[in-house]
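Residue numbers (this note's numbering), protein chains in the order written: chain A, 1 to 288; chain B, 289 to 578.
By construction, the Cβ of each residue, glycine as well, lies at the ideal position given by its N, Cα and C atoms.
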């Protein structure tokens, strides 16, 4: 089962929930955590994994063989990302703009374009106290997170529980991260900012037709807007974490909640049981 | 005219609360919300929308089922796995157009894509340019570039001193688009190990694009040992820490009221943000009236 931890708004507690959920389930299940927030990965700070392997992430960018090139300009014409320009007897490439679609090399009439790898990040994997661990790191200065996220997802092999920690927002990195999930856990806080971005996250998971439930973090501050919204939209609030400076301090020191306060373990176990019920129920519905 | 962009790397460190407060403190400015996929600045500024422009960007492949002979070439060549069973998954399609060029029966056309909206609004603090990227859309960086361009145009037309923009979290495409060519980046962090790790990466992005950076440590008293480490680390990196803002629930209460914290309270958070604006405006040189 694949569970994605999503939020819309940043800083609502995705990493806290993802790491504690993984640690609470590891004794009874095979668990892998995937840190798909490749722009700012943080799970390793809490889990301190032993890294056992790594692999560069490359995208394929055009390399021009000037001996074969006739400067016909076809490549520049087909490239919608403006990553190739042909000026007189010169071909200029802008590898940072290339999405690696492969159109230029395939369509070049002279077969003068080969594809060369350009590294935009790295994927590392290992384990932390019985939890499988994978994260991706986008190179600083690079713009495109999705190729790194795709690579991270390839490293989770099927069985057991996969927990994906997703970046904030609602655009391409989020969509790439949650695609293929069985369930999305939406972490929010009871403020107008939290509510605004929760509603965007709900639209995103609904567009991808993934069932979801809410974790309300820092409960006790703010207002009742999130609860009213969830009632109206019939989205279950599956889990509540109170505003507690002790919890914030543990996080600030990089200590997972369930390590600092082991009494939370049971509650995370129950959270998983609720998620499993919802997913099983839905799967039965689909089979019918 | 000077452009300040507020970034953080890690989300939820307080960017929007700071930008809302700077909106109230700075004079002669235009505001820009560059967090186009989860914009919230409008919740503090209560804008009335004056212009609503459609943002058309990128294309999506469309297969005409009457022409398609189901040869499967498009599916085989698409690097983004966006075609399955001779249908295009518009969420996965990156609009490269490769499929439309290779289709032997010309069954694939590329259609323009309505990717969002760009708004120009009036607020009690001055003009605001903001946007709304459609759900699960690409090209957030392009929309950010348009927000900045429009803000710049307004600043020039009205001869304003500042563009103050609220940036997105992360370090990827929309962040780069918010940052490149700005006068100054204010990096809002918090004294958590995650905040510190993410700050280091966003400092790297500022350096990569040659934009000077200053750091503000929000909720500094949540973990004062970490705060001292951030200060030491920034000093090694040659980046100044201009402000330490205390943790106070008054910030959350001001968000609930939909008002920038400096207009909601006279307490220590407000005093510290005012002090910070004094430093920023002095450093930026022109139009300092903070």
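Item	Value
Once DSSP output is grouped into helix, strand and coil, what is the label at residue 529 (chain B)?	strand
Determine the DSSP secondary structure at residue 364 (chain B), reduced to helix, strand or coil.	helix
Let's test the definition: count the other Cβ atoms within 10 Å of the Cβ of residue 120 (chain A) and tell me whether it reaches 16, buried, or not, exposed.	buried
Thinking just about the alpha-carbon of each residue, which of B:487, B:494 and B:447 is nearest to the one in residue 466 (chain B)?	B:494
Is it buried or exposed for residue 425 (chain B), if we count other Cβ within 10 angstroms and need 16 for buried?	buried
Note down the Cα distance separating residue 305 (chain B) from residue 21 (chain A), rounded to an integer number of angstroms.	30 Å
Buried or exposed for residue 274 (chain A), going by 16 or more other Cβ atoms inside 10 Å?	exposed
Looking at the secondary structure, which residues open and close the beta strand (DSSP E) in which residue 468 (chain B) lies?	No beta strand (DSSP E) holds residue 468 (chain B); DSSP gives it neither H nor E.
Going by the beta-carbon positions, is the gap between residue 335 (chain A) and residue 169 (chain A) smaller than 9 Å?	The structure shown does not extend to residue 335 (chain A), since chain A is modelled only from 1 to 288, so the question has no answer here.
Check distances from the C-beta atoms of the stretch 418 to 431 of chain B to those of chain A and list, in chain order, the residues that come in under 7 Å.	421, 423, 424, 425, 426, 428 and 429
Give me the residue from A:144, A:172 and A:271 with the minimum Cα distance to residue 214 (chain A).	A:271
Of the residues B:333, B:356 and B:464, which one's Cα is nearest the Cα of residue 418 (chain B)?	B:333
Excluding the 5 residues flanking residue 256 (chain A) on each side, which residues of the same chain have their C-beta closer than 6 Å to its C-beta?	19, 20, 23 and 46
Taking 9 Å as the CB-CB cut-off, is residue 183 (chain A) touching chain B?	no
Quick one: Cα of residue 108 (chain A) to Cα of residue 546 (chain B), how far?	56 Å
Taking all protein chains shown into account, do 16 or more other C-beta atoms lie within 10 angstroms of the C-beta of residue 565 (chain B), making it buried, or fewer, making it exposed?	buried
Closer than 8 Å is the cut-off here; do at least three beta carbon pairs connect the stretch 437 to 444 of chain B with the stretch 402 to 419 of chain B?	yes
Considering only the beta carbon of each residue, do residue 436 (chain B) and residue 322 (chain B) sit closer than 9 Å?	yes
Going by the beta-carbon positions, is the gap between residue 177 (chain A) and residue 17 (chain A) smaller than 9 Å?	no
Cβ closer than 8 Å: which chain E residues qualify as neighbours of residue 298 (chain B)?	In the displayed structure, chain E is absent; the protein chains listed are A and B.
Mind listing the chain B neighbours of residue 95 (chain A)? Cutoff is C-beta to C-beta under 9 Å, in chain order.	Within 9 Å Cβ-Cβ: nothing; residue 95 (chain A) doesn't reach chain B, min ~15 Å.
Residues of chain B with CB under 9 Å from residue 203 (chain A), in chain order?	423 and 424
On the DSSP bridge list, what partners appear for residue 372 (chain B)?	B:375
Does DSSP put residue 337 (chain B) in a helix, a strand or coil?	strand
Report whether the distance from the Cβ of residue 229 (chain A) to the nearest heavy atom of the ligand NAD is below 8 Å.	In terms of ligand content, the structure shown is empty, and the ligand NAD therefore cannot be addressed.
Identify the residues that DSSP records as bridge partners of residue 117 (chain A): which are they?	A:60
Can you check whether the CB of residue 125 (chain A) is closer than 9 Å to the CB of residue 134 (chain A)?	yes
Please determine, among B:569, B:355, B:361 and B:533, the residue with the shortest C-alpha to C-alpha distance to residue 559 (chain B).	B:533
Is there a Cβ from chain A that is less than 9 Å from the Cβ of residue 498 (chain B)?	no
With distances taken between CB atoms, is the gap from residue 240 (chain A) to residue 216 (chain A) smaller than 9 Å?	yes
Nearest CA to the CA of residue 59 (chain A): which residue from A:129, A:14 and A:101?	A:101
Looking at chain B, is there any beta carbon in it that lies within less than 9 Å of the beta carbon of residue 164 (chain A)?	no
Here's the rule: buried if 16 or more other CB atoms are within 10 angstroms of the residue's CB, otherwise exposed. What is residue 283 (chain A)?	exposed
Taking Cβ to Cβ, would you say residue 481 (chain B) is nearer than 9 Å to residue 503 (chain B)?	no
Leaving out five residues before and five after residue 377 (chain B) in sequence, what residues of the same chain have Cβ atoms less than 6 Å from its Cβ?	370
Indicate whether at least one CB of chain B lies closer than 9 Å to the CB of residue 249 (chain A).	yes
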